[in-house]
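Chains as they are written, first to last, in my numbering: chain U, 6 to 197; chain D, 6 to 197. Heads up, the thing below is written out as structure tokens.
2 protein chains.
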Amino acid sequence: MDTTTRRRAPDDTRAEIIEKALEVAAELGASGFTLDAVAARTTVSKGALLHHFPSKIALLEGMIDHLGEMHADSILAEAARDPEPYGRNARAYLRATVNEPFTPQDISIGRVVMAACAIEPTLAQRWNTWIDKVKIDDPSDPVGADDALMLRLIADGLWMSDIFGTHAVSLDQRQALLSLLTPGHPITANEA
Amino acid sequence: MDTTTRRRAPDDTRAEIIEKALEVAAELGASGFTLDAVAARTTVSKGALLHHFPSKIALLEGMIDHLGEMHADSILAEAARDPEPYGRNARAYLRATVNEPFTPQDISIGRVVMAACAIEPTLAQRWNTWIDKVKIDDPSDPVGADDALMLRLIADGLWMSDIFGTHAVSLDQRQALLSLLTPGHPITANEA
DNA sequence: CGCTACATACCGACTGGACGGTCACTGTCA
DNA sequence: TGACAGTGACCGTCCAGTCGGTATGTAGCG
Chain U
6 MDTTTRRRAP DDTRAEIIEK ALEVAAELGA SGFTLDAVAA RTTVSKGALL
56 HHFPSKIALL EGMIDHLGEM HADSILAEAA RDPEPYGRNA RAYLRATVNE
106 PFTPQDISIG RVVMAACAIE PTLAQRWNTW IDKVKIDDPS DPVGADDALM
156 LRLIADGLWM SDIFGTHAVS LDQRQALLSL LTPGHPITAN EA
Chain D
6 MDTTTRRRAP DDTRAEIIEK ALEVAAELGA SGFTLDAVAA RTTVSKGALL
56 HHFPSKIALL EGMIDHLGEM HADSILAEAA RDPEPYGRNA RAYLRATVNE
106 PFTPQDISIG RVVMAACAIE PTLAQRWNTW IDKVKIDDPS DPVGADDALM
156 LRLIADGLWM SDIFGTHAVS LDQRQALLSL LTPGHPITAN EA
């Protein structure tokens, strides 16, 4: 068993492909995101790419799983460092999603993912699955469901605004949105 | 000047093409939205289609202009029938955008527009231009800019949620979001 | 330990179809 | 007659996915 084996572990190859695919998405955008472009950037051939991801959609699924997992992790990490339990998860979701300004690469990747989800609805479902994992298992949070939803909608709207360049939202404004939820003061009218 | 002229006014043809293009978008989705499919549905040929819209992007621009104009109108209409001046425009934006549940056709068209904007950023700018027209020219509204922005982000987030099927938001919850803005009670912390 | 058999990673030229866009031409009006 | 709506066959490109083949592992077996 040689440490310099020529045949790598499949998981390594898959990981490399996804990593490079994200680079291509970041640099070339949706129109330049082709299997050939991705393969050209990896150390493996297009054949190997198709061997590990049997279709373009399968590759996008892999990318979305990767991004979804990372995003879910960062939401949980934000929640873990938030001392205030009230509305913690919703706040963490907003922080992890749009707290810091996007790089041009982030925007480009966001656009590719967005286009993919718009063209292939199953990909949108797959993303939703990842994000759904976060809000589960926190009955300890006394925040009203409506308020929590409100903050998530704000986060999503802000994300879309950043991706499409709709509104210029300052850091102060983002900060203000984070302060919306306070214990015992429901924002929306019909709390349960 | 014959009323049954065989050569129609160009504007009529353009209008028909855009109308039929939206039908194709509604029924076939982003992957089925091709120039051939659009031409096949109109009374004119593909050549005429390309005569009026010299490229696919030009056609999408025409569709976005159409949708943007209609949407801006319906926002203004909502605003006009709202007796409460405080936050009127922001509320109207939310109402016009996501007050009533989307039909599958609406969702499909939304996805096509979304994909187009994600792939071709200039289209996103074009949409923004239409929507920007609404918030202009209302210095009479005393609502804080931050609160107005908040409601717009909620509306956008809700729109995206409807398009991607992320959250199931009840009519009651939508109603509650409309009640967020009340005079003299800023929601966000740092009102000007 | 070889030897065989099979599985899997990988290669890259090729294909087949989709699709955006062109063009030479006709018909119709002012 | 010039300008323009409109035609539809055609073209060129792009690109996802295929396929025959090679290289490199591993498992069984005497």
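Idealized CB from N, CA, C, for every residue including glycine. These numbers were taken from a predicted model, which means no experiment stands behind them.
The Cβ-Cβ distance between residue 68(U) and residue 27(U) falls below 8 Å. DSSP, read as helix, strand or coil, puts residue 104(D) in coil.
CA-to-CA, the gap between residue 15(D) and residue 64(D) works out to about 14 Å.
With respect to the 8 Å criterion, residue 104(D) and residue 140(D) are not classified as neighbours on the basis of their beta carbons. Taking 9 Å as the Cβ-Cβ cut-off, the segment 149-176 of chain U approaches chain D at 150, 151, 154, 155, 157, 158, 159, 160, 161, 162, 163, 164, 165, 166, 168, 169, 170, 171, 172, 174, given in chain order.
Short of 7 Å from the beta carbon of residue 83(U), and not among the five residues preceding or following it, lie these beta carbons of its own chain, in chain order: 97, 100, 101. Non-local beta-carbon contacts of residue 168(U) in its own chain, meaning distances under 7 Å to residues more than five positions away in sequence, involve 112, 115, 116, 119 in chain order. For residue 80(U), no Cβ of chain D is located within less than 8 Å of the residue's own Cβ.
Inter-segment contact for the segment 129-136 of chain D and the segment 122-137 of chain U is absent: fewer than three beta-carbon pairs are separated by less than 8 Å.
Contact residues of the segment 11-33 of chain U toward chain D are absent (C-beta to C-beta distance below 7 Å). In this model, residue 180(U) and residue 55(D) are separated by some 48 Å (Cα to Cα). Look at residue 193(D): its C-beta is under 8 Å from a C-beta on chain U. Residue 192(D): not part of any alpha helix (DSSP H); DSSP gives it neither H nor E. When CB distances to chain U are screened at a threshold of 7 Å, not a single residue of the segment 97-115 of chain D falls below it. Out of 121(U), 37(U), 31(U), 166(U), the CA that lies nearest to the CA of residue 108(U) is found in 31(U). Taking the Cα positions, residue 60(D) is about 25 Å away from residue 42(U). Between the C-alpha atoms of residue 191(U) and residue 149(U) there is a straight-line separation of about 7 Å. No Cβ of chain D is located within less than 8 Å of the beta carbon of residue 94(U). The contact set of residue 62(D) on chain U, defined by CB atoms closer than 9 Å, is empty, because the minimum CB distance reaches about 11 Å.
Taking 8 Å as the CB threshold, residue 182(D) lines the interface with chain U. Taking every protein chain shown into account, the CB of residue 52(U) has fewer than 16 other CB atoms within 10 angstroms, so this residue is exposed. In this structure, the straight-line span from the alpha carbon of residue 79(D) to that of residue 24(U) is close to 44 Å.
Around the beta carbon of residue 48(U), a 10 Å sphere encloses fewer than 16 other beta carbons of the protein chains shown; the residue is thus reported as exposed.
Between residue 164(U) and residue 74(U), the C-beta gap is not smaller than 8 Å, which leaves the two residues out of contact. Nearest Cα to residue 178(U) within the set 154(D), 21(D), 88(D): 154(D).
Exclusion of the five residues before and after residue 122(D) leaves 128, 129, 132 as the residues of its chain whose Cβ lies within less than 7 Å of its Cβ. Rounded to the nearest whole angstrom, the C-alpha separation of residue 176(U) and residue 156(U) is 16 Å.
With respect to the C-alpha of residue 145(D), the residue from 106(D), 159(D), 172(D), 89(D) having the closest C-alpha is 89(D). Listed in chain order, the alpha helix (DSSP H) elements of length 4 or more contained wholly in the segment 139-194 of chain U are 150-169, 176-183.
At least 8 Å separates the CB of residue 69(D) from every CB of chain U. Within 9 Å of the CB of residue 36(U), the CB atoms of chain D belong to 124, 125, in sequence order along the chain. DSSP, read as helix, strand or coil, puts residue 79(D) in helix.
With contacts defined by Cβ atoms closer than 8 Å, residue 22(U) and residue 71(U) do not form a contacting pair.
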